[in-house]
Amino acid sequence: MLSLLKGRYRARLAETPEDIVAAQTLRYRAFRSEKDASAKGLDADRFDAVCVHVLVEDVKSATLVCCFRLLHLAGGAEIGRSYSAQYYELSALAAFEGPMVEMGRFCIHPDWRDPDILRVAWGAMTAYVDGAGVEMLFGCSSFHGTEAREYYDAFALLRDRHLAPKRWLPLVKAPRVFRFASRLRRKPNLKLAQAKMPPLLRTYLLMGGWVSDHAVIDRDLNTLHVFTGLEIKAVPPARARLLRAVAG
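With this note's numbering applied, the sequence shown covers -18 to 229.
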């Protein structure tokens, strides 16, 4: 049973239907209430029933400040079961032999800005990955909004430094995509690129992660997202030690 207490935050697995509703409520706030922050609702789909849900809470107030869900796959042969497979053609990854986990619906409470929240979330993820012997972590990393122009420098940096290896490269499946690897001709402004890179994706990249060569335009969640993969053996040793220090 995953349980991690670091400083003012605790990470744990959802245990009750009420825990799942709390996660779905936070997801709604993060993904679907842009025009009205006080709006109430649930962000829920069919994947919730087959995933493990991780909650990060502020210990003192019991406020849910972050959540994400994990779908465990025995190997690449099960990649078609994933949420990401709705949007990306992932047949190349079917050849991956080791255990895989898809991380999805990652969000942090919009009113909380503490960087320790992301650190604790990754500590919890590390504990899960180590405990389950996971060899690849993957998911969809989202940019807010659907206007690609706002993120040209970030996409140009992804094109130059972080594209998936050819043997794993996801192909286009979604009807609306931005093919940044082939369309962008600009050199990235590194300062602007880093400023526009979502924190979750930035962490993936620091660990040796890679992305698809295109972004899916998801009007349902008002995001642009890229498929993101990370082979655990590729994580730099120094960063792995830092993560395991948090996880421990």
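Ideal Cβ positions, reconstructed from N, Cα and C, are used throughout, including at glycine.
Predicted model only: the values in this text are computed from it and were never measured.
Handout entry: Test item: CB-CB of V153 and H195 under 7 Å
Key = Looking up residue 153 in the sequence shown gives position 172. Looking up residue 195 in the sequence shown gives position 214. Contact: yes.
Exercise for the section: Using beta-carbon positions only, say whether A66 and H34 come within less than 7 Å of one another. Expected result: For this step, residue 66 is matched to residue 85 along the sequence shown. For this step, residue 34 is matched to residue 53 along the sequence shown. Taking 7 Å as the Cβ cut-off, A66 and H34 do not qualify as a contacting pair.
Problem - When A129, R166, K172 and F119 are compared against L182, the one with the closest alpha-carbon - result: Translated into positions along the sequence shown, residue 182 becomes position 201. Comparing Cα positions, the closest option is F119.
Practice task
On a CA-only basis, which of C47, W103, K147 and Y68 is nearest D201? Give me that one, please.
Solution key: Along the sequence shown, read from residue 1 onward, the residue named residue 201 stands at position 220. Of the listed residues, the one whose Cα sits closest to D201 is Y68.
Exercise for the section: Could you check how far apart the C-beta atoms of L(-17) and R(-9) are, in whole angstroms? I think they sit under 8 Å. Expected result: Locating residue -17 in the sequence shown gives position 2, counting from the first residue. Locating residue -9 in the sequence shown gives position 10, counting from the first residue. That belief does not hold up - the Cβ atoms of L(-17) and R(-9) are roughly 11 Å apart, past 8 Å.
Practice task
Please determine if the stretch 136 to 146 and the stretch 167 to 184 are in contact, where contact requires at least 3 C-beta pairs separated by less than 8 Å.
Solution key: yes
Exercise for the section: Taking all protein chains shown into account, decide if A30 is buried (16 or more other Cβ within 10 angstroms of its Cβ) or exposed. Expected result: As a position in the sequence shown, residue 30 is number 49, starting the count at 1. Burial call: exposed.
Handout entry: Expected contact under 8 Å - CB spacing of E59 and I213 to nearest Å
Key = What you label residue 59 is simply residue 78 of the sequence shown in a count that begins at 1. What you label residue 213 is simply residue 232 of the sequence shown in a count that begins at 1. Actually they are not in contact, since the Cβ atoms of E59 and I213 sit about 17 Å apart, beyond 8 Å.
Handout entry: Beta-ladder partner(s) of I198, from DSSP
Key = Mapped onto the sequence shown, residue 198 falls at position 217. According to DSSP, which records beta bridges pairwise, I198 is partnered with L205.
Exercise for the section: Return the chain-ordered list of same chain residues with a C-beta closer than 6 Å to the C-beta of G190, the five sequence neighbours on each side being excluded. Expected result: Taking the first residue of the sequence shown as 1, we reach residue 190 at position 209. The residues are T209 and L211.
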